[in-house]
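Below: the structure, in structure tokens.
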Amino acid sequence: MVNLKNYNVVSKHFVLLLTFLFIVSCSHQNYTVSKIEGKKIGITDKQVGVPEIEKFIKPYKERIDKDLNEVLAYCPEILDKNGTWQTPIGDFLADITLEKSNPIFVTREQKKIDICLLNFGGIRTIIPKGNITARNAFEVMPFENSAVVIGLKSEQIQEIASYIISEKKPHPLSGMTFKIDKNNFAKDIIIQGKPLENDKIYYLVTSDYLANGGDNMAFFKKGISRIDLDYKLRNILIDYFKEVDTLKINHDVRILKEK
Numbered sequence: 214m215v216n217l218k219n220y221n222v223v224s225k226h227f228v229l230l231l232t233f234l235f236i237v238s239c240s241h242q243n244y245t246v247s248k249i250e251g252k253k254i255g256i257t258d259k260q261v262g263v264p265e266i267e268k269f270i271k272p273y274k275e276r277i278d279k280d281l282n283e284v285l286a287y288c289p290e291i292l293d294k295n296g297t298w299q300t301p302i303g304d305f306l307a308d309i310t311l312e313k314s315n316p317i318f319v320t321r322e323q324k325k326i327d328i329c330l331l332n333f334g335g336i337r338t339i340i341p342k343g344n345i346t347a348r349n350a351f352e353v354m355p356f357e358n359s360a361v362v363i364g365l366k367s368e369q370i371q372e373i374a375s376y377i378i379s380e381k382k383p384h385p386l387s388g389m390t391f392k393i394d395k396n397n398f399a400k401d402i403i404i405q406g407k408p409l410e411n412d413k414i415y416y417l418v419t420s421d422y423l424a425n426g427g428d429n430m431a432f433f434k435k436g437i438s439r440i441d442l443d444y445k446l447r448n449i450l451i452d453y454f455k456e457v458d459t460l461k462i463n464h465d466v467r468i469l470k471e472k
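Read in order, the letters of the sequence shown are residues 214 to 472 in our numbering.
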């Protein structure tokens with residue numbers, strides 16, 4: 214015959230044990246980092262030359278080289294950075310940036326871009342005469358800058374002309390021309406073939422770096438609007454290469470200094 218008294222005692226102890234285990238398992242435990250250790254692992258010449266590593270990266274390198282070395286267009290002449298107020302490569306880059314950015318801006322804002330201004334220092338090398346590849350685009354524009362359109366008043370357009378004169382650098386310019394008088398002041402500012410109008414808003418495409426005040430171009434911060442096109446300047450260059458057979462080069466005078 215079963216001893217019910219002993220059975221009840223055992224049952225109570227068993228229930229208490231389960232309850233205790235349940236509480237312990239559900240209790241929140243806080244863990245803290247007490248120590249962090251690290252060490253520098255140098256990459257030696259022996260490691261770089263390991264055949265296994267070279268074998269691993271070979272297919273990736275070959276694919277990248279194939280994409281970068283594919284001929285996209287032809288350049289009829291050397292586009293370099295030589296020039297006092299404007300340069301062959303600067304004019305070219307400003308022209309195609311304006312040309313490729315404008316359709317995007319028209320679609321989004323139903324307005325046209327009037328001017329393009331880039332910076333001389335952002336151009337890292339020349340575009341050689343002959344076959345042109347995507348590699349050339351990466352060499353000319355190695356940075357990740359994107360196109361930005363700024364709405365500017367006529368006062369800021371005049372500031373741009375004064376800035377270029379004071380800097381004495383051939384910053385890439387398109388859509389705008391002006392003269393420099395004997396006193397080093399800008400005059401006869403022309404935008405898209407028309408004289409500068411005091412009550413008009415002009416839309417200028419530039420890089421996000423300059424739009425944020427880079428190269429002391431503080432006039433961009435005075436803009437009344439800003440539209441990011443999410444279009445890298447380097448991709449603009451590559452897309453242009455893909456669309457044309459031969460690069461279109463303009464030799465028009467954009468900044469003229471009077472004697």
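Positions of the beta carbon are idealized from the N, C-alpha and C atoms, including for glycine.
Buried or exposed by the 16-neighbour rule on C-beta atoms within 10 Å, applied to residue i
i      : result
PHE432 : buried
VAL246 : exposed
HIS384 : buried
PRO301 : buried
LYS455 : exposed
LYS284 : Residue identity differs from the one stated: residue 284 is Val in this sequence, not Lys. Exposed.
ILE211 : The requested residue 211 does not occur in the structure, where the chain is confined to residues 214 to 472.
ASP304 : buried
VAL466 : exposed
ASN219 : With a pLDDT of 49 at ASN219, under the threshold of 50, the modelled position of that residue is not reliable, and no figure is offered here.
ASP308 : buried
Residue closest to residue i, alpha-carbon to alpha-carbon, out of the options
i      : options                           : result
LEU423 : ASP452, LEU446, HIS464 and ASP278 : LEU446
ASP458 : PRO289, ILE266 and ILE277         : PRO289
ALA286 : ASP465, ILE468, LYS470 and LYS461 : LYS461
LYS392 : ASP280, ASN358 and ALA374         : ALA374
ILE440 : GLU250, ILE326, ASP278 and GLU275 : ILE326
ASN411 : GLY388, LEU365, THR419 and SER387 : LEU365
THR390 : ILE414, GLY406, ILE451 and VAL418 : GLY406
LYS435 : LEU450, ASN396, ASP452 and LEU417 : LEU417
Cut-off 8 angstroms between Cβ atoms - residues of its own chain near residue i, not counting five sequence neighbours on either side
i      : result
LEU409 : SER367, ILE370, GLN371, ILE402 and ILE403
Residues near residue i by beta carbon distance below 6 angstroms, same chain, minus five either side
i      : result
LYS472 : none
MET430 : LEU423
Length of the line joining the Cα atoms of residue i and residue j
i      : j      : result
SER359 : LEU306 : 14 angstroms
ILE437 : GLY427 : 18 angstroms
THR346 : ASN448 : 12 angstroms
LEU469 : TRP298 : 8 angstroms
GLY251 : ASN282 : 41 angstroms
PRO162 : ASP443 : Any question about residue 162 goes unanswered here, given that the chain covers just 214 to 472.
Heavy atom of the ligand FAD within 8 angstroms of residue i beta-carbon
i      : result
PRO408 : For the ligand FAD, the structure offers nothing, since it holds no ligand at all.
Chain-order list of residues whose beta-carbon lies under 7 angstroms from that of residue i (same chain, five-residue window excluded)
i      : result
ASN349 : ILE340
If we count Cβ pairs, one from each stretch, closer than 8 angstroms, do we get three or more for the stretch 326 to 334 versus the stretch 406 to 426? Cβ pair count under 8 angstroms is three or more, so yes.
Exercise. Does the count of Cβ pairs from the stretch 270 to 284 and the stretch 307 to 322 closer than 8 angstroms reach three?
Worked result: no
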